[in-house]
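I have placed the structure first, in the form of structure tokens, so that the comments after it can refer back to it.
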Amino acid sequence: MTAPPTTTLDCRMYEAKYPEVDTPVMIQVKEIGDVCTHVSLLEYNNIEGMILLSDLSRRRIRSVGSLIKVGRIEPAMVLRVNPDKGYIDLSKKRLSEQDVQVCEEKFSKSKLVHSIMRHVAETLGLDLEDLYIHVGWPLYRKYGHAFEAFKLIVNDPDSVLNPLTREVREVGPGGKEVIKKVPAVSEDVKDALVRNIRRRMTPQPLKIRADIELKCFQFDGVLHIKGAMRKAEALSTKECPVKIKLVAPPAYVLTTQTLDKDQGISVLRKAIVACSQEIERHQGKLIVKEAPRAVSEREDKLLAEQLAKLSLQNEEVSGDEDSEEEEDTGMGSVDLESSNSLIND
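The sequence shown begins at 1 in UniProt numbering and counts up by one.
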């Protein structure tokens with residue numbers, strides 16, 4: 001009985017074993033020495049690199065601790081690569097702001113791709129490097145970055161994955177060995193990839209919110225405020241439905257959900273203008289307390305909790321009926337007829 005093939009979940013993110021000179025890479029600081037700092041290159045399966053203290057900053061170094069800390073993840077520029085000895089020299093002071101931005105964006109995409117690939121390999125018991133060889137790295141070559149290919153897979157997986165093939169050796173007629181091309185992955189692996197890509201990369205709607213105050217002291221002011229609220233909600237679109245809720249007079253929130261952050265902010269701004277114009281027609285006033293912005297799940301949860309708490313406080317307290325009864329019997333049980341006869345006497 002043959003032993004099952006060994007699998008590994010350790011693998012670099014890119015096809016090249018080492019980074020190219022003059023390219024920014026993402027590193028994690030491992031150890032700070034007297035002369036140099038030892039780091040690991042996160043995109044290259046944590047191979048070791050080194051930053052001389054003189055390459056940490058353009059300015060005079062007074063405290064190394066203020067520039068770099070153990071465990072910190074940040075970009076660095078590749079200065080020299082010695083593939084034979086495995087030495088990689090890096091620099092922080094050679095980085096420009098544009099280098100930092102490019103590196104962070106690339107690493108963010110690569111990390112997501114790597115997470116999906118690793119999860120599929122781990123779930124199905126595959127060798128991660130083999131999965132990269134036949135799926136990940138070909139997609140990097142064809143699309144510039146596998147992340148771009150994964151975005152296409154969300155809606156059309158066949159057009160991206162079906163052209164990928166691998167070569168297998170078979171014994172042909174007459175016992176002669178032939179090389180045959182077959183799909184790069186089985187249907188099971190393909191289904192797992194597509195399922196994980198869709199779960200991780202399908203865009204989630206952003207929640208956009210603005211906080212305002214609405215006031216109107218005219219007769220029927222409440223009706224005028226409701227009319228202004230309707231004007232705001234009338235600016236809703238299919239992609240950006242606008243809702244306005246009372247927090248506690250005079251505080252209100254306008255909200256929308258959208259896949260396009262800029263579009264959502266623009267729609268809420270227009271809704272605020274429409275609401276303001278309507279309330280001012282009735283000598284009311286709208287004050288923007290917080291301009292439209294994307295909010296986190298935590299902020300949204302806090303608002304929901306606040307609204308629920310206020311709703312609870314506004315509910316009628318049980319026992320109101322008893323108080324009314326007490327008012328009716330506040331004079332005690334008096335015989336009115338007897339009282340009238342006494343008065344007449």
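Built from N, CA and C at the ideal position, the CB exists for glycine as well. Bear in mind that the values here come from a model prediction, so they are computed numbers and not experimental data.
Proximity to residue i [Cα-Cα], best of the options
i, options, result
"glutamate 74", "Met201, Ile116 and Lys30", "Lys30"
"lysine 243", "Lys109, Glu105 and Ile208", "Ile208"
"glutamate 105", "Gly174, Gln263, Glu122 and Phe147", "Phe147"
"lysine 93", "Val100, Glu129, Asp130 and Asp55", "Asp55"
"methionine 117", "Lys176, Lys109, Gly136 and Ala274", "Gly136"
"glutamate 48", "Asn196, Gly86, Ile179 and Arg199", "Gly86"
"serine 186", "Asp158, Pro173 and His145", "Asp158"
"arginine 198", "Ile279, Leu152 and Tyr143", "Leu152"
"proline 83", "Lys17, Leu139, Lys270 and Met229", "Lys17"
"arginine 72", "Glu97, Ile279, Leu41 and Leu95", "Leu41"
Three-way DSSP call (helix, strand, coil) for residue i in this model
i, result
"glycine 71", "coil"
"lysine 289", "strand"
"threonine 256", "strand"
"cysteine 11", "coil"
"valine 222", "helix"
"arginine 230", "helix"
"glutamate 239", "coil"
"threonine 202", "coil"
"glycine 174", "helix"
"residue 348", "Residue 348 is absent from the structure shown; the chain starts at 1 and stops at 345."
"leucine 193", "helix"
"leucine 210", "Per the sequence shown, residue 210 should be read as alanine rather than leucine. The answer is strand: DSSP assigns alanine 210 an E or B state."
"glutamine 28", "strand"
"valine 113", "helix"
"leucine 79", "strand"
"threonine 37", "strand"
"arginine 166", "strand"
"glycine 136", "helix"
"leucine 95", "coil"
Same chain, Cβ closer than 8 Å to residue i, five either side skipped, listed in chain order
i, result
"cysteine 36", "Met50, Ile51, Leu52 and Leu53"
"valine 21", "Val78, Leu79, Arg80 and Val81"
"isoleucine 272", "Ala210, Ile212, Ala232, Leu254, Leu286, Val288 and Pro292"
"proline 241", "Thr256 and Gln257"
"leucine 307", "Lys245 and Val247"
"isoleucine 261", "Before going on, a small fix: residue 261 reads as lysine here, not isoleucine. The residues are Leu206, Ile208 and Ala294."
"residue 347", "The displayed coordinates of the chain run from 1 to 345. Any statement about residue 347 would go beyond what the structure contains."
"valine 39", "Ile27, Gln28, Val29, Lys30, Glu48, Gly49, Met50, Ile51, Ala76 and Leu90"
"arginine 141", "Glu15"
CB-CB length for residue i against residue j, believed under 8 Å
i, j, result
"methionine 26", "phenylalanine 150", "Rounded, the Cβ-Cβ distance is 19 Å, inconsistent with contact."
"residue 377", "proline 24", "With the chain represented from 1 up to 345, any question about residue 377 goes unanswered, as that position is not in the structure."
"threonine 165", "valine 154", "With 8 Å as the limit, threonine 165 and valine 154 do not qualify as a contact, their Cβ atoms being about 22 Å apart."
"valine 189", "leucine 124", "6 Å"
"glutamate 177", "valine 171", "6 Å"
Where residue i falls, given that 16 or more other Cβ within 10 Å makes a residue buried
i, result
"leucine 312", "exposed"
"arginine 12", "buried"
"threonine 202", "exposed"
"leucine 193", "buried"
"isoleucine 8", "According to the sequence shown, residue 8 is threonine rather than isoleucine. The residue in question, threonine 8, is exposed, as its Cβ has fewer than 16 Cβ neighbours within 10 Å."
"isoleucine 222", "Note that residue 222 is valine in the sequence shown here, rather than isoleucine. When all chains shown are included, valine 222 counts as exposed."
"isoleucine 68", "buried"
"tyrosine 44", "buried"
"glycine 284", "buried"
"residue 372", "What is shown of the chain runs 1 to 345, which leaves residue 372 out entirely."
"leucine 310", "exposed"
"valine 160", "buried"
"glutamate 299", "exposed"
"serine 296", "exposed"
"residue 392", "Outside the shown range of the chain (1 to 345) lies residue 392, about which nothing can therefore be said."
Beta-carbon proximity list for residue i, same chain, < 7 Å, skipping 5 on both sides
i, result
"valine 264", "First, the residue type needs correcting, since residue 264 is glycine and not valine in the sequence shown. Result list for glycine 264: Leu206, Ile208, Cys240, Thr256 and Thr258, in chain order."
"valine 267", "Leu235, Thr237, Cys240, Val242 and Thr256"
"histidine 145", "Lys109"
"lysine 215", "Pro250, Gly284 and Lys285"
"threonine 196", "Correcting the residue type first, residue 196 is asparagine in the shown sequence and not threonine. These residues qualify, in order along the chain: Ile116, His119 and Val120."
"aspartate 320", "Bear in mind that the predicted position of aspartate 320 carries a pLDDT of just 48, short of 50, making it unreliable; the figure below should be weighed with that in mind. Nothing listed; no residue qualifies."
"glycine 227", "Glu278"
Cβ-based neighbour list, residue i, same chain, cut-off 6 Å, excluding 5 preceding and 5 following
i, result
"histidine 134", "Arg166 and Ala184"
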